[in-house]
Amino acid sequence: MFELLAQTGLNAVYAASYISLVAVGLVLIFGVMGVVNFAHGELFMAGSYVVVALYADRFVPFFVAVAAGLVFVGLLGLLMERALFRPLRDNPLGGLVASIGFLMILQALAVLGFGVRMEHIPPVTQEVIAFSDRVRLPVARLYVIVAAIVMLSLLWYFLKRTRFGWALRASAQDPQAAALQGISVTLTAKIAMFIGAGFAGLAGALTAPLVSVNPYMGHSIIVTAFIVIIVGGVGSLEGAVLASIVYAFVHTFVTTFYDGVLADITGLALMLIVLIVKPTGLFGSADRA
Amino acid sequence: MTSLLQVKDLTMRFGGLTAVDGLNFKVEKGTIHGLIGPNGAGKTTTFNMISGFYTPSDGAVLLRGEDISGLQMHEVARRGVVRTFQHSTLFAELTVLENALVGTHMPFRPNIFAAIFGWDRDDRDGADARARDALRFFGLGDLMNEHAGDLSHGHQRALGMAVAYASHPDIILLDEPFTGMNPEETKHMMGLMKRLCSDGITILLVEHDMQAIMGLCDNITCMSFGKFLAEGGPAEIRNHPAVIEAYLGGARHVA
Amino acid sequence: MRNLIIWIALAAGLIVLPNVLSFSQQEVLVFLTINILLVASYRLLTLTGEWSLGHVVIMGVGAYASALLTKTTGLPVPLGILAGGMVAALIALALSYPLFRMKGFYFLIGSFAAGEIIRLLWKRFRDPFGGTKGLKGIDPMPDFSVGFYNFDFFEPTSYFYFAAIVVGVCLWILWRIEKSPVGLTFHAVHWQDKLAQASGVNLRAYRTLAFVIASGFAGISGALLAHYIGTINPNSFDVEVMVFVLTWAIVGGTSTFYGPILGCVVLTILNEVVLRELGLEQTRPLIYGLILILSILFMPNGLESIVQKFTRRKEAGLMRPEEAK
Amino acid sequence: MITKAFNGGFSRRMFLKSSAVTALGAALPNVTLAAGETIKIGFLAPLTGAVAAWGTPGLEGCKIWAERVNEAGGIKLEDGEHKIEFVSYDNEYDPAKARTGATKLIREDGVSFVMMLGGDTWPGVQPVADKTGMLFSTLLPSDLSPDTPTLLAPTEVHPIYLVTGVEWLAENRPELKTAVMCAQDDALGLPSVATYLAAFEAAGIEMQDEPLLFDPATTDFAPVVTRLLSTNPDIVCLDTCYSDYVHPICEQLFQQGFKGQIISATADFYDQIIAKTSKEFMEGFIFQFPDFDDPALNADNINFPDPNGFYAEYNKRYPGQWGAVSWEYASIMELWKAGAEKAGSVDPDAVLAAMQEGGKGQHAFGEAEWWGEELFGINNALVGDWPVVVIEDGKATIKGFKSIPAWYDKHGDLLIKHMTAYDQMWNQRS
């Protein structure tokens, strides 16, 4: 029994790592831009397809392809900021619909570019760290966990220690006040979108070899991300990471000990309970609504 | 005879700060009662507690002897205590007439089923008449179809009052109605208030404009640093040493 | 008098309309009529400033309720449709307790979560909801004849006439509500809820009232759909459909009664008729997404603003003339 | 709760059916073609959305099939030869859109036959089928019922063909005694769960755990596999998971150290699974869908023309996209072509009668019988032999053809027991 718990724990840590990358990106975008980015799942998918195009089809080394994924999807984020969110800055609902339009475009491009069937990505490494016969951690999954920890701490350092970081958090708290302090709102918006989208792309790229990549994979990611940023509190990045861990463990354990559908119901129920008890989320403070 | 509105040991604490500390005063029916004090004296906080905007940390607000502290704003309003807001909060997107119509919500409660089948024809006409009376009373008779957002500053203040007046209140709580008004507008507004009072409506007024306070109020309560300082008629308060000192600054810490 | 002529012309137009269309366009017309009620009822909720992502699932609640009631208790279908609306309204009332502790973005996501939970419950319980395959063989409308025209409810034209009557009545009721003091209070709650509260308006009661009425009519549109296609499953009411309702409302513009209806008609014709005719199967979503973005960028006030330019009526009352925005 | 005296819908439908064909026969576009006019076949399946993988590859396969038939002179009817072409409509796996599509294909495009994926969309189309009497085909026999006289399930006999794999497993690897199963929770997953349970029971293999259902939106399968392996089973059964699930589950089984037997309905792109795991891991993997370059398919009992050529052509145009769906729709067309040429016309009723003549049909994998009365309520499923495919040295090889009716005669009662338990019998479906 202990081995089963240990293995499930490892599975949960892996799930927490890629979910937190996606959730942090979504919170950053919502915090700074004030818009719900419905296309966030498709940005994740775009990251996976960068790895398909470079690593699977053109044999570019995996980590180079992952870096390219982060940059490419970050640029997509900049495109969204420039073409969609900036003109619609005072119309959050308009921004939401624009992101839905962008979602449809990304999906259709993936279908036209790569076809409807799933993509095949050769495994990065086959080694497995076997703690015991029944408790094993594949190295490919370890990469994802390590990459998530590294990138999140880099982001934490950036936000807490650098001038740009303060500017970002300031405009996340209160855009008007930040503008009064001479912080250029468009610059912070660009940074937020690049990092927010980039992290989603990174998560997609890292997990590409481990999941079946197809044009419609974004749907389930966005549902999970919504649950996490609500439970974590919309305004807070730390909240998003902690909520990702909580959600990943709950969902993984319930799936293993009961079944998947019940796990989904538990996840949603958890979200509703938090919404009822503390509408700004466990760690959220500023009511960005 | 219990007074219409009584504030007993009212206290409000925001974290460590005590904005209002054990305040007591009464407002008699049919009078105009002023609440004055230097900035930060806790006037608006008291005002918000009476109107149900805040729930007091301690003490009570008694309306005809009944404790209404802690009730929601609409429940306080339904008991006849209607407030206005400081910087002319209005339904900018709606027309002047519609703003006043919202004010008639309580006397003419909308009924959804009657509305669909048109059985509420007389209710609607009653509300319409009441709204137009209130608007004409405040001199807005010919601006009915204008959008509230397009009105001049003076007119917007008057419309705020009209909305409150349209709901047949027993007491109107006015939050700095005279701020930003020139002397001529102030005189006009004072005249209106006197007429309201003669109509049987009690008024509680939070205001800085001493000329208006002294000219209007039957009774005045003065606060300083959240505490009760003095109470009495206009003449008494004008010469009250503690009040003068509180306003002119350098006030010794009052016991 | 002018209005009477307009109404007669409109009615005549609606009667003739299906006969000039091809068979498959008649089918699209039936679904369009049902969706018009769905998006018009959605607008009623947005009057109070609340945007929900659970509206289509509540439409599903109406569909499931009507289907199950008619199947198990032999309730005649027209009553089943009404019952579907009632049940949807009741479920909305129950949901309003948790949901209305939230506002704005949280309400949006909270309603999404409530919707997903309902859908998962349909999937989880094969009895009575039929699990992932949902319900099949839902009783069709009983055919009947009214002298000069007999309704054969397999034919889209008959069902269009029936649905158009039901939807017409519902739209009339929605219009009456919006033009009534209740509608005015909804606007007040949206623009300045504190001031409305000071006038004695119970904010939560009115938000709930709007939510319950909107859900009731959504339930009726769900029941109308169920009794036409004869089968429903949890995926018929998933978030993809909700996204379409959202885009109809926003692209159409919600400041006028006809705005969302205009959005629904234009975008449905574009997606189901024009783009399919061009035979671009794979690129259809791409073009639809592009048009969505372009319309939001270059027509933020929605299609209704174009109509307002033409009508130029300086109408008092709730219609906001163009320049006041 | 007053149970309805008789199923109102049922009796009305019978009345509808008998009158519909006669009264509305005229409403059908003129089905008797002018000499030389092109025959149009409707392809009503999801071409966009998450289920598109069950539609688009089939359309591609049909286009290749049509080109090859047209090159060989087209369809030979009484009044000469006719070219054949496909008219597709994307129903996005939605019953309402499927109904609109069916109406367009039949009443406007004048198709003579409509192929569908089936599942959620079929109940939406059924009234149109009743009214127009048009001939339809589906990949899912679970759509069949006494109310669907003009619906055929002539090629994939999902899920009943699964019994052949388990029977072969029991015969060749009797030492394997325990099994677990996971399946996606949708219209495809449930009927096959019941079939596998029956097949395992018939083979004396004991289920270690309840079948584990997972949500179709799952992407991370580590928890699912950890649960499956917690009971140390000999056999892991993947039911009829789409390839999007088979790949990550196999990879997880490999990474979590599973060394036992895997059995599944499909293993599309198994070479990619081997790349992700290892040749040894996939050795002995049992599934049901052969590669069409398999030599065993050139035997005379195979009714698919030049399978190797078709496979090569498909791979040339759509490299790496070949899957079970690619050939199934084309094999239905092969059956339809035989029926039309025997009947000498494209009239749906004539073709249907010709196809079902003598209760026998030329299924892709050999002669088969029209079957399904007990299980589906109507004999509209073409059931015969089905290949058992095993991966040997990295290549899928047909180990033999097993007869489904033979298994059914022995263990039919078991299957009905499990199908009833999962509400999958035709009379149970609400």
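Chains as they are written, first to last, in my numbering: chain Y, 298 to 586; chain C, 1275 to 1529; chain E, 13 to 337; chain B, 106 to 535.
We treat Cβ as the ideally placed atom computed from N, Cα and C, and that holds for glycine.
The structure displayed is predicted, hence computed values, not measured ones.
Interface criterion met: the Cβ of Pro-168/E is under 9 Å from a Cβ in chain B. Beta-bridge partners assigned by DSSP to Pro-492/B: Phe-506/B. Closer than 8 Å at the C-beta level to chain B, one finds no residue of the region 47 to 70 of chain E.
As summarised for the region 415 to 457 of chain Y, the continuous beta strand (DSSP E) elements at least 3 residues long and confined to that stretch are 425 to 427 and 433 to 435, given in chain order. Counting only runs of 3 or more residues that sit fully inside the region 139 to 199 of chain B, the beta strand (DSSP E) segments are 144 to 150, 180 to 182, 185 to 187 and 189 to 195, in chain order. Between His-1361/C and chain E, the shortest Cβ-Cβ separation is not below 9 Å. For Asp-1483/C, the closest alpha carbon among the candidates Pro-1451/C, Gly-1507/C, Asp-1492/C and Lys-1468/C is that of Pro-1451/C. For His-202/E and Leu-477/Y, the gap between their C-alpha atoms comes out near 29 Å.
In the three-state DSSP reduction, Gln-467/B falls in the strand class (E or B). Ranking Val-194/E, Ser-307/E, Ala-23/E and Pro-246/E by CA distance to the CA of Ala-1388/C puts Val-194/E first. If you check each beta-carbon in the region 547 to 565 of chain Y against every beta-carbon of chain E, the ones closer than 7 Å belong to Val-558, Asp-561, Ile-562 and Leu-565. Closest option to Pro-200/B, judged by alpha-carbon separation, among Gly-224/B, Lys-181/B, Pro-246/B and Gly-178/B: Gly-224/B. Within 7 Å of the CB of Ile-402/Y, the CB atoms of chain E belong to Leu-298, Gly-301 and Leu-302, in sequence order along the chain.
Non-local beta-carbon contacts of Phe-399/Y in its own chain, meaning distances under 7 Å to residues more than five positions away in sequence, involve Ala-336, Met-377 and Leu-381 in chain order.
Note on Ile-20/E: under 16 other CB atoms within 10 angstroms of its CB, so exposed under the neighbour-count rule. Contact between the region 333 to 352 of chain Y and the region 501 to 516 of chain Y is present, with at least three C-beta pairs closer than 8 Å. The region 363 to 371 of chain B and the region 271 to 287 of chain B touch, with no fewer than 3 CB-CB distances between them shorter than 8 Å. Here Phe-43/E carries a helix assignment [DSSP, helix/strand/coil]. In chain order, Phe-148, Ala-150, Leu-152, Phe-191, Ser-193 and Tyr-434 place their CB closer than 8 Å to the CB of Leu-164/B, counting only its own chain and leaving out the 5 sequence neighbours on each side. Contact with chain C is found for Ala-208/E, since one of that chain's Cβ atoms lies less than 9 Å from the residue's Cβ. Residues are counted here when their Cβ sits less than 9 Å from a Cβ of chain B; for the region 224 to 249 of chain E these are Leu-237, Tyr-240, Ile-241, Gly-242, Thr-243, Ile-244, Asn-245, Asn-247 and Ser-248, given in chain order. Nearest Cα to Val-298/B within the set Trp-491/B, Ala-380/B and Leu-520/B: Leu-520/B.
Between the alpha carbons of Glu-1367/C and His-1429/C lies a gap of roughly 16 Å. In the displayed model, Ser-431/B falls within a helix according to three-state DSSP. In the DSSP assignment, Tyr-171/E falls within the alpha helix (DSSP H) that extends over 168 to 191. A direct Cα-Cα distance of roughly 7 Å separates Ala-284/B from Cys-342/B. Leaving aside the five residues that flank Phe-326/B on each side, the residues in its chain whose CB is nearer than 6 Å to its CB run, in chain order, Pro-353, Ile-354 and Gln-357.
Looking from the CA of Lys-1461/C, the closest CA among Ile-1446/C, Ile-1487/C, Leu-1447/C and His-1442/C belongs to Ile-1487/C. Residues of chain E whose Cβ lies closer than 9 Å to the Cβ of Arg-212/B are, in chain order, Ser-34, Phe-35 and Ser-36. Runs of the alpha helix (DSSP H) lying entirely within the region 254 to 322 of chain B and spanning at least 4 residues, in chain order: 267 to 277 and 294 to 307. Rounded to whole angstroms, the gap between the alpha carbons of Ile-93/E and Ile-232/E is 6 Å. The beta-bridge partner set that DSSP reports for Cys-1496/C consists of Ile-1310/C and Ala-1504/C. Annotated three-state conformation of Lys-1303/C is coil, per DSSP. Taken in chain order, the members of the region 361 to 386 of chain Y whose beta-carbon sits within less than 9 Å of a beta-carbon on chain E are Ala-380, Leu-381, Pro-384 and Leu-385. The beta carbon of Glu-479/B lies closer than 8 Å to those of Gly-517 and Ile-521 in the same chain, with the five residues before and after it left out. The beta carbon of Leu-26/E sits closer than 7 Å to those of Ala-176, all from its chain and outside the five residues before and after it, given in chain order.
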